[in-house]
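Engineer: Residue numbers for the sequence shown, in full-length UniProt numbering: 1 to 253. Here's a structure for you.
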Amino acid sequence: MGQTDFLTTQQGRKLAYHQTAGKAPGVVFLGGFKSDMEGTKAVHLEDWARRTGRAFLRFDYSGHGQSSGAFVDGCIGDWAGDAMTVIRDLTDGPQVLVGSSMGGWISLLCAREMPDKVAGLVTIAAAPDFTEDSMWAGFNGAQRAELQDRGQVALPSDYGEPYIITRRLIEDGRNHLVLRDPLPLPFPVRFLQGTADEDVEMSVALRLLEHAQGPDMRLTLVDGADHRFSDPDCLALIEEAVGQVLARSGGRG
């Protein structure tokens, strides 16, 4: 799938990325928690970008995929910083951000912190504030005590090895919440959500739509779609949503 390049951040993190040249505005894919840029959605969108001549960028956060660092050492602030560095250093002009799961939260942080670099937004099963509203809120007393005493707790995962959740991840997440304060999104936005998602409840998508403020926001619910949102119909819907945002942001053609 092309050559893997690397960008070193000011913090010394070495971030792996694949970039496709093309017309502006470009599209940037932001992956999920413990995911990487080789996932189905990221690679599919890269193929779409090549077919349509659109600039495209996918990358791995630190501690993910081919990038440097250990996953357990990272936190939302680190990964959001990685995303902002990649967008700022590797792209020209405003971009359409496509954020999947945790990447949806990070794309919202990018929109809040660097609005001049965002032409539009597509989220897929976005998980804003999940460290607080899903993880911490879902911990029982023993898990909270273990997190405080040992600095980490293991959670079972449907995607392989257990997730090691650190106290730093939870505490740092509280510094990056987006559903507690005003969240202006002054550009075209498409939220996509499956009704059979067992990782991010449909109520999260509805809360995000109600909380955010913008002139052109739409939520599409797909009956029966799960968190992966990667079957052919879902992938086609992602393409369609990106196309709508590009057209409405002035990036048609």
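We put the beta carbon where it would ideally sit given N, CA and C, even for glycine.
If we call anything under 9 Å between Cβ atoms a contact, is V98 one with K34?
Structural biologist: No. Outside cutoff.
Engineer: Would F59 be called buried (16 or more neighbouring beta carbons within 10 Å of its own) or exposed?
Structural biologist: When all chains shown are included, F59 counts as buried.
Engineer: I need the boundaries of the alpha helix (DSSP H) containing K41, first residue and last residue.
Structural biologist: Note, K41: alpha helix (DSSP H), 40 to 52.
Engineer: Expressed to the nearest angstrom, what Euclidean distance is found between the alpha-carbon atoms of residue 264 and R218?
Structural biologist: For the chain, the structure presents residues 1 to 253; residue 264 sits outside this window and is missing.
Engineer: Taking the alpha carbon of H227 as the reference point, which residue from H211, P25, T123, D149 has its own alpha carbon closest?
Structural biologist: Taking only the C-alpha atoms, the option nearest H227 is T123.
Engineer: From L235 to R190, what distance separates their C-alpha atoms?
Structural biologist: L235 and R190: Cα-Cα distance of roughly 14 Å.
Engineer: Could you say which of E38, G104, G32 lies nearest to L121 if we only look at CA atoms?
Structural biologist: Comparing Cα positions, the closest option is G104.
Engineer: Does DSSP put P162 in a helix, a strand or coil?
Structural biologist: Looking at P162 - three-state DSSP - the assignment turns out to be coil, as it is neither helix nor strand.
Engineer: What number of angstroms, rounded off, separates the C-alpha of M114 from the C-alpha of I106?
Structural biologist: Each residue's alpha carbon lies about 12 Å from the other.
Engineer: Jot down the residue ranges of each uninterrupted alpha helix (DSSP H) in the UniProt domain "AB hydrolase-1" (51 to 151), minimum 4 residues, whole runs only, in chain order.
Structural biologist: Correct list: 76 to 90, 102 to 113, 141 to 150.
Engineer: Does V204 come out as helix, strand or coil in the three-state DSSP assignment?
Structural biologist: Here V204 sits in helix by DSSP.
Engineer: Taking only three categories from DSSP, how would you classify G243?
Structural biologist: Helix at G243.
Engineer: Find the nearest neighbour of A137 within the set A247, G39, G173, judged by alpha-carbon distance.
Structural biologist: Taking only the C-alpha atoms, the option nearest A137 is G173.
Engineer: Nearest to L169 by CA position, among E161, L179, M102, is which residue?
Structural biologist: The residue with the shortest Cα to Cα distance from L169 is M102.
Engineer: Name the residue from V242, I76, L179, Q11 whose alpha carbon lies nearest to the alpha carbon of A49.
Structural biologist: Here the closest residue by C-alpha is V242.
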